[in-house]
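Let me begin by presenting the structure, written as structure tokens, before commenting on it.
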């Protein structure tokens, strides 16, 4: 399955005209408790060519691939990822801690891990999970 995932990531790079800097497994498979029907939750951080960032128009900063039976793939543009990193976004921090890495170009993941030691805010994470719990309760 790993080779299929890596091939799919290369296809996404070509179709979307991006470079995937970091791609990992997120969810039950990453943490060692998949069920028999668990899909692969692939998450990634990517960059566009420079001209994409020089536009004054707002552009979509997420790539979501339609889910099939076994693959759930989506990613965030580096600008979005950095904005969420600044807020100690728990899903992004989980991606950076994933033991299953499918693709890594450059040093962005290591740099963010290093910075998280200095800038991580437990209070922000608590509010994130509190908001999720409130939504689930409703």
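In the working numbering, the protein residues as written are 220 to 357. Just so you know, even glycine gets a beta-carbon here, dropped at the ideal spot from N, CA and C.
With a 10 Å radius around the Cβ and a threshold of 16 neighbouring Cβ atoms, residue 345 comes out exposed. Under the criterion of beta carbons closer than 8 Å, residue 322 and residue 239 qualify as touching, at roughly 5 Å. Comparing C-alpha distances from residue 283 to each of 289, 294, 273 shows the shortest one belongs to 294.
Contiguous alpha helix (DSSP H) elements confined to the stretch 238 to 281 occur at 269 to 272, taking only those with 4 or more residues.
Residue 293 carries a strand assignment under DSSP once its states are collapsed to helix, strand and coil.
Scanning 231, 301, 259, 236 for the CA closest to the CA of residue 291 turns up 259.
In the three-state reduction of the DSSP assignment, residue 324 falls in the coil class. When rounded, the separation of the alpha-carbon atoms in residue 331 and residue 265 is 14 Å. Nearest to residue 324 by alpha-carbon distance, out of 347, 308, 297, 256, is 297. Around the beta carbon of residue 261, 16 or more other beta carbons sit within 10 angstroms, so the residue counts as buried. Within its own chain, the residues whose Cβ lies closer than 8 Å to the Cβ of residue 319, once the five positions on either side in sequence are excluded, are 243, 244, 248, 249, listed in chain order. Between residue 335 and the set 314, 350, 279, the nearest pair of CA atoms involves 314.
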